[in-house]
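Note that the numbering used here has the sequence shown beginning at 271, numbered continuously upward.
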Amino acid sequence: MHVRADQRFPIQIELNGRQREGLAEPRMQLCDFLRHELGTTGVHVGCEHGVCGACTVLVDGVASRSCLMLAVQAHERRVDTVESLSRDNIMNDLQQAFSRHHALQCGFCTAGILMSCVEFLERVPSPDETQVRDMLSGHLCRCTGYTGMVRAVLEVAQQRQVTLVENNNDV
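In structure tokens, the structure reads:
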């Protein structure tokens, strides 16, 4: 089958818990599809080479560089962006910790970093500082350094563990 480069195909995804559909050319990057076709502006595009991490989203729960993935590859998959983190305009615990620890300045890279942190804390619920720094090494931030980010992630991990223990004691 011959596909023209300008031909557009319907793409269906579960975006932040809602079924969404749009059209994408075969070579359209997922980040561009999310931003320009679906209006999800929390996805930022930095290097377009997968190096900076600003475009990181969760695809089926796995942190993925949306600049390295084609929109057609996301068809019928679950995609979560930074917009999925807050509920009713209330930031989640990780976003609040980033704010408390001054882990952001310009905010350009923050969305991608937050999404990597979400996936990381699912896999590693009780990380140490070295593990957090290793995870963050996949992101480039020119504004803040990483100390505030490390403190925020460690704080959230500790708070979640305390909550887990308290909930288990209530059972």
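C-beta atoms are modelled at their ideal positions from N, C-alpha and C, and glycine is treated no differently.
Open item on the list: So, with DSSP's three-state summary, where would you put residue 355?
Closed with: For the purposes of this step, residue 355 is taken as the residue at position 85 of the sequence shown. Correct three-state label for residue 355: coil.
Task: Cβ shell of residue 410 (< 6 Å), same chain only, five flanking positions each side left out - done: The count along the sequence shown starts at 1 and reaches residue 410 at position 140. Correct list, in chain order: 322.
Open item on the list: With DSSP as the reference, identify every bridge partner of residue 326, one or two as the case may be.
Closed with: If you number the sequence shown from 1, residue 326 lands on position 56. Answer is 335, bridged to residue 326.
Task: Those residues which DSSP pairs with residue 291 across a bridge - done: The count along the sequence shown starts at 1 and reaches residue 291 at position 21. 282, per the DSSP bridge assignment.
- [ ] List the residues that DSSP assigns as beta-bridge partners of residue 383.
- [x] The residue given as residue 383 occupies position 113 in the sequence shown. In the DSSP output, where bridge partners are listed per residue, residue 383 has none listed.
- [ ] Return the first residue and the last residue of the beta strand (DSSP E) that residue 426 is part of.
- [x] Within the sequence shown, the letter at position 156 stands for residue 426. First-last for residue 426: 417 to 440, but that is the alpha helix (DSSP H), not the beta strand (DSSP E).
Task: Range of the contiguous alpha helix (DSSP H) that encloses residue 402 - done: In the sequence shown, counting from the first residue as 1, residue 402 sits at position 132. 399 to 406 is the extent of the alpha helix (DSSP H) around residue 402.
Open item on the list: Which residues does DSSP list as the beta-bridge partners of residue 350?
Closed with: Reading the sequence shown from its first residue, position 80 is the one you call residue 350. Looking at the DSSP assignment, residue 350 forms a beta bridge with 328.
Open item on the list: Tell me which residues share the same chain as residue 330 and place their Cβ nearer than 6 Å to its Cβ, disregarding the 5 neighbours each side in the sequence.
Closed with: Start at 1 with the first residue of the sequence shown, and residue 330 comes out as number 60. The answer, listed in chain order, is 347 and 348.
Open item on the list: Can you give me the C-alpha to C-alpha distance between residue 315 and residue 408, rounded to a whole angstrom?
Closed with: Counting from 1 along the sequence shown, the entry for residue 315 is found at position 45. Counting from 1 along the sequence shown, the entry for residue 408 is found at position 138. C-alpha separation (whole angstroms): 15 Å.
TODO: With DSSP as the reference, please indicate the residues paired to residue 216 in a beta bridge.
DONE: Outside the displayed range of the chain (271 to 441) lies residue 216, so it cannot be described from this structure.
- [ ] Could you name the residues of the same chain whose beta carbon sits closer than 6 Å to that of residue 301, not counting the 5 residues immediately before and after it, in chain order?
- [x] As a working note, residue 301 is residue 31 in the sequence shown. Cβ neighbours of residue 301 beyond the five flanking positions: 313, 315, 325, 336 and 337.
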